[in-house]
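Undergrad: Top line first, the protein sequences correspond to chains H and A.
Take the first sequence: its letter number 328 is residue 328 in UniProt numbering, and every next letter is one higher.
Take the second sequence: its letter number 108 is residue 108 in UniProt numbering, and every next letter is one higher.
Using N, Cα and C, we set each Cβ at its ideal position, and we do this for glycine too.
Quick caveat: nothing in here was measured; it's all calculated off a predicted structure.
2 protein chains.
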Amino acid sequence: MKLGQVTIKDIARELNVSTSTVSRALKDYPGISDDTKKKVKDLAEKLNYRPNAVALSLRKSKSFTIGVIIPEVVHFFFSTVISGIEEVAYANGYNVILCQTNEKLQRELSSIETMLDNQIDGLLVSFSKETENFDHFTRLMNQNFPIVFFDRVPDIENTVNVTVNDFNGAYEATKHLVDQGYKKIIHLAGPKTLTISKKRIDGYKAALQDHHLKQKPDWIIPCPIGTQQESYEITKSIFKNNKELPDGIFASNDIAAAGAMMAVKELGLKVPEDVGIVGFSNWQFSSMIDPPLSSVAQPGFEMGEKATEILLEIIEKKKEANWEPKTIVLETELLVRKSSKK
Amino acid sequence: MKLGQVTIKDIARELNVSTSTVSRALKDYPGISDDTKKKVKDLAEKLNYRPNAVALSLRKSKSFTIGVIIPEVVHFFFSTVISGIEEVAYANGYNVILCQTNEKLQRELSSIETMLDNQIDGLLVSFSKETENFDHFTRLMNQNFPIVFFDRVPDIENTVNVTVNDFNGAYEATKHLVDQGYKKIIHLAGPKTLTISKKRIDGYKAALQDHHLKQKPDWIIPCPIGTQQESYEITKSIFKNNKELPDGIFASNDIAAAGAMMAVKELGLKVPEDVGIVGFSNWQFSSMIDPPLSSVAQPGFEMGEKATEILLEIIEKKKEANWEPKTIVLETELLVRKSSKK
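#1: Touching or not, the region 300 to 309 of chain A and the region 78 to 85 of chain A, by the rule of three or more beta carbon pairs under 8 Å?
#2: Counting only beta-carbon atoms, is S294(H) nearer than 8 Å to chain A?
#3: Can you tell which of E87(H), I289(H), V96(H) has its C-alpha closest to the C-alpha of A257(H)?
#4: Taking a Cβ distance cut-off of 7 Å, strictly less, list which residues of the region 23 to 40 of chain A are near chain H, in chain order.
#5: For E324(A), name the three-state secondary structure that DSSP assigns.
#6: Return the CA-CA distance between E72(H) and L47(A), expressed in angstroms with no decimal places.
#7: Could you check what DSSP says for N144(A) in three-state terms: helix, strand or coil?
#8: So, E88(H) versus E331(H), is the Cβ gap smaller than 8 Å?
#9: Quick test of your reading: R200(H) and A189(H), contact by CB under 8 Å. State the CB separation rounded to the nearest angstrom.
#10: Here's the rule: buried if 16 or more other CB atoms are within 10 angstroms of the residue's CB, otherwise exposed. What is R152(A)?
#11: Please report whether the beta-carbon of K175(H) lies at a distance below 8 Å from any beta-carbon of chain A.
#12: Quickly, what does DSSP pair C99(A) with across the bridge? List them, please.
#13: Any chance the region 101 to 110 of chain A sits against the region 129 to 148 of chain A, with 3 or more Cβ pairs inside 8 Å?
#14: Tell me the rounded alpha-carbon separation between R336(H) and D179(H).
#15: Helix, strand or coil for H176(A) per DSSP?
#16: Pull out every residue of the region 125 to 149 of chain A whose Cβ sits closer than 9 Å to any Cβ of chain H, in chain order.
#17: Using 10 angstroms around the beta-carbon of A263(A), count the other beta-carbons present and answer buried if the total reaches 16, otherwise exposed.
#18: Would you mind giving the Cβ-Cβ distance between K129(A) and P222(A), rounded to the nearest angstrom? I have them listed as a contact below 8 Å.
#19: When we look at the beta-carbon of V54(A) and count the other beta-carbons within 10 Å, is it buried (16 or more) or exposed?
#20: Quick one: using the 10 Å Cβ neighbour count with 16 as the cut-off for buried, is L140(H) buried or exposed?
#21: Is DSSP giving G122(H) helix, strand or coil here?
#22: Opposite L334(H) in the DSSP bridges: which residues?
#23: Candidates N242(A), I11(A), D34(A): which alpha carbon is nearest Y49(A)'s?
#24: Using 10 angstroms around the beta-carbon of N95(H), count the other beta-carbons present and answer buried if the total reaches 16, otherwise exposed.
#25: Quick one: using the 10 Å Cβ neighbour count with 16 as the cut-off for buried, is V148(H) buried or exposed?
#26: Can you find a CB in chain A that lies within less than 8 Å of the CB of I238(H)?
#27: What does a CB cutoff of less than 6 Å around T174(H) pick up in its chain, not counting 5 residues either side in sequence?
#28: Around the C-beta of T327(H), are 16 or more other C-beta atoms found within 10 angstroms, so that it is buried, or is it exposed?
#29: Measuring alpha carbon to alpha carbon, tell me which of L116(A), D121(A), E86(A), L177(A) ends up nearest C99(H).
#30: Which first and last residues belong to the alpha helix (DSSP H) in which N161(A) is found?
#31: Leaving out five residues on either side along the sequence, give the residues of the same chain with a beta carbon under 6 Å from the beta carbon of T195(H).
#32: Measure the alpha-carbon distance for D155(A) versus T193(A) and round it to whole angstroms.
#33: Just verifying my parser: in three-state terms, what is the DSSP assignment at L245(H)?
#34: Should A44(H) be labelled buried (16 or more other beta-carbon atoms within 10 Å of its own) or exposed?
#35: Quick one, are the C-beta atoms of S286(A) and D254(A) less than 8 Å apart?
#36: Kindly indicate if chain A contains any beta-carbon less than 8 Å away from that of N95(H).
Structure follows, in structure tokens:
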């Protein structure tokens, strides 16, 4: 064994079963007999098998397929990234297969395994909100398997990333609210586990600080689920339980902003007269709601294109330099609509 | 050869190259030398190779992966179908890989090939708007490869389908406009190639006929692209070039309805006072636009669940009966919002 590690294939060969049977037996999936499960597990233990130690470097031929791991296809931003990925992939003769994790770590793990079984040549990854440990990626990278992370960048070394300038985007959005005369600006924040959430919080705080506006810790409110209903309820309770009413809302995404707008309107307040609102990501619907929502547009298509270009360069080893760790940061653009124009 | 047909594998073995090299050489993809391309093509001709004659039945083990071919992941309806598919698939220990065709036949063909290379156990398909010939599916079905079609049902025999009652949905939407007092109702129709478009047109016509309302051939306007911009422009030109102004619009999807609404408002007409509008598919944004859009909700999640249940039954041959051709029709629900309430 090249890597000194036992793989699923070794176990499968030894027991004369398929690799997927081994993989599934180890994970206690249904459809495998208890007898087989026991045999597989016993041998795995005896051989000191470690999951994911797929001997990737033993593969002979390319599949001309790249895998994409995304949290949610319904997310407008991700769907534009996918379009960018496909443009570059198809133009270069590669096919694209997608797996959606639904923000679940377990699905992320099994999706990666499925894709590796399927002999993809490389991976484009935006990991799930649940992912806090990145060993499953590190293991692959240690075996020189090409991975490029997009949008959500892991807090580990030696990765290749394409992301957007979330700090600047949040700074510009908050500064715009300040410029329009809003003074008590709250932030509906994203999940704590994501670096992009932290950067948007930092941008929000920096803009308030630079303009000498009041900051309160309880004005940064996490919306971990990210649904419209969640931010609707959170916003209602903030406005009901605060003596000092906020007059500005910067939300970490448009869905949260739309929920907040609904709550504000229901409380009899006017947007933008009483409360100014800015979202993030510029969803398809944002220009159509009432009033049209200001939002920070991310270059999703460009991000998909760039990430795929780099991945294909790594795969085809056209430029060895591209295998070097690096992070490409794309700029955002603030789209001012009626929801934040006093 | 079991099926009496030469496969890519035979050519690959003979020339001592990989199957993907053969596949790509036959398609004139980049990255393959002209010399190799010539060798492959010559041998393919000599052996009378026919594309897609993959000897599927020769496969030994299951991959516990199902493939899903969808036109567009950004389409809200399809994203809810995907969620339904994943619920059932994961609960049964199957993984799901997606390929997006972007409504292009060429991508549909290459996606299917990629998925078959990847040893999927079965396919869930909603084909592209460009697909008018279904030979690539028929060939697979003739080899007993499990396929279930959802939403878009092909006009060929012996298929297993899960669809919604588009006729009834369109009938109810049109009848609702009639009930509200609208009399000159136009229909923004979907692409002609799709059966669902035809059924929605039929439902619209039947409702007008049953209520003795005027019908004009040029009141059924095709919107083949399906973007908001397209229906915006079409609606503007209808209202500008018609002496007899329409007072109702039934659109075959919410994006088209939203574009029409924008055009109507820009012309100084009021929704719903002057023009009533109803869409189809109940996109996420529909309740948030101004005024909130009435729409025909399709049971996307349920459709995904049902299609996957049937596919897994076929794959696991639990019920041989399920391999029999059949079409399951799910009912729609009209959601009445402000855009159509006089």
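TA: Let me lay it out:
#1: The count of Cβ pairs closer than 8 Å, one atom from the region 300 to 309 of chain A and one from the region 78 to 85 of chain A, reaches three, so the stretches are in contact.
#2: To locate residue 294(H), count along the first sequence from 1; it is residue 294. Not one beta carbon of chain A lies nearer than 8 Å to the beta carbon of S294(H).
#3: The count along the first sequence starts at 1 and reaches residue 257(H) at position 257. Closest option to A257(H), Cα to Cα, is I289(H).
#4: Residues passing the 7 Å Cβ filter: R24, Y29, P30, G31.
#5: For the purposes of this step, residue 324(A) is taken as residue 324 along the second sequence, with counting starting at 1. Secondary structure of E324(A) (DSSP, three-state): coil.
#6: Indexing the first sequence from 1 puts residue 72(H) at position 72. Indexing the second sequence from 1 puts residue 47(A) at position 47. Distance between E72(H) and L47(A), taken at the CA atoms: about 45 Å.
#7: Taking the second sequence and counting its residues from 1, the one referred to as residue 144(A) is at position 144. Correct three-state label for N144(A): coil.
#8: Within the first sequence, residue 88(H) is the residue found at index 88, counting from 1. Within the first sequence, residue 331(H) is the residue found at index 331, counting from 1. For clarity, residue 88(H) is Val in the given sequence; the question names Glu instead. No.
#9: The residue given as residue 200(H) occupies position 200 in the first sequence. The residue given as residue 189(H) occupies position 189 in the first sequence. Their Cβ separation, rounded to whole angstroms, is 7 Å, which keeps R200(H) and A189(H) in contact under 8 Å.
#10: Position 152 of the second sequence, counting from 1, holds the residue named residue 152(A). R152(A) is buried by the Cβ-count criterion.
#11: Counting from 1 along the first sequence, the entry for residue 175(H) is found at position 175. At a cut-off of 8 Å, the C-beta of K175(H) has no neighbouring C-beta in chain A.
#12: Numbered from 1 along the second sequence, position 99 holds the residue referred to as residue 99(A). C99(A) is bridged to I69(A).
#13: As far as the Cβ criterion goes, the region 101 to 110 of chain A touches the region 129 to 148 of chain A, which means the pair count is three or higher.
#14: Locating residue 336(H) in the first sequence gives position 336, where the first residue counts as 1. Locating residue 179(H) in the first sequence gives position 179, where the first residue counts as 1. Here residue 336(H) turns out to be Val, not Arg, going by the sequence shown. Approximately 12 Å, taken between the alpha carbons.
#15: As a first step, residue 176(A) is located in the second sequence; it is residue number 176 there, counting from the start. In the structure shown, H176(A) sits in a helix (DSSP, three-state: H, G or I).
#16: For chain H, none of the residues of the region 125 to 149 of chain A brings a beta carbon within less than 9 Å of one of its beta carbons.
#17: For this step, residue 263(A) is matched to residue 263 along the second sequence. So A263(A) ends up on the buried side.
#18: Locating residue 129(A) in the second sequence gives position 129, counting from the first residue. Locating residue 222(A) in the second sequence gives position 222, counting from the first residue. Rounded, the Cβ-Cβ distance is 12 Å, inconsistent with contact.
#19: By 1-based counting over the second sequence, the position of residue 54(A) is 54. With a pLDDT of 42 at V54(A), under the threshold of 50, the modelled position of that residue is not reliable, and the figure given next carries that caveat. So V54(A) ends up on the buried side.
#20: On the first sequence, position 140 is the one that residue 140(H) refers to. That one is buried.
#21: One-based indexing of the first sequence puts residue 122(H) at position 122. The answer is strand: DSSP assigns G122(H) an E or B state.
#22: Along the first sequence, read from residue 1 onward, the residue named residue 334(H) stands at position 334. Beta-bridge pairing links L334(H) to V296(H).
#23: Against the second sequence, residue 49(A) aligns to sequence position 49. Residue I11(A) is the option with its Cα nearest to Y49(A).
#24: Within the first sequence, the letter at position 95 stands for residue 95(H). Buried, since its Cβ has 16 or more Cβ neighbours within 10 Å.
#25: For the purposes of this step, residue 148(H) is taken as residue 148 along the first sequence, with counting starting at 1. Buried is the call here.
#26: Locating residue 238(H) in the first sequence gives position 238, where the first residue counts as 1. No - not a single Cβ of chain A is within 8 Å of the one on I238(H).
#27: Numbered from its first residue, the first sequence carries residue 174(H) at position 174. Excluding its 5 nearest sequence neighbours in each direction, T174(H) has C-beta neighbours in its own chain below 6 Å: Y204, A207, F250, listed in chain order.
#28: In the first sequence, the residue the question calls residue 327(H) occupies position 327. By the neighbour-count rule (16 or more Cβ atoms within 10 Å), T327(H) is not buried but exposed.
#29: Within the first sequence, numbered from 1, the residue matching residue 99(H) stands at position 99. Per the Cα distances, E86(A).
#30: Translated into positions along the second sequence, residue 161(A) becomes position 161. Where N161(A) is concerned, there is no enclosing alpha helix (DSSP H), although the beta strand (DSSP E) around it starts and stops at 160 to 164.
#31: In the first sequence, residue 195(H) corresponds to position 195, counting from 1. Here the set comprises V153.
#32: As a first step, residue 155(A) is located in the second sequence; it is residue number 155 there, counting from the start. As a first step, residue 193(A) is located in the second sequence; it is residue number 193 there, counting from the start. Each residue's alpha carbon lies about 10 Å from the other.
#33: Working through the first sequence from its first residue, we reach residue 245(H) at position 245. It is coil, neither helix nor strand.
#34: What you label residue 44(H) is simply residue 44 of the first sequence in a count that begins at 1. With 16 or more neighbouring CB atoms inside 10 Å of its own CB, A44(H) falls in the buried class.
#35: Along the second sequence, one-based indexing puts residue 286(A) at 286. Along the second sequence, one-based indexing puts residue 254(A) at 254. Taking 8 Å as the Cβ cut-off, S286(A) and D254(A) qualify as a contacting pair.
#36: Working through the first sequence from its first residue, we reach residue 95(H) at position 95. Closer than 8 Å: yes.
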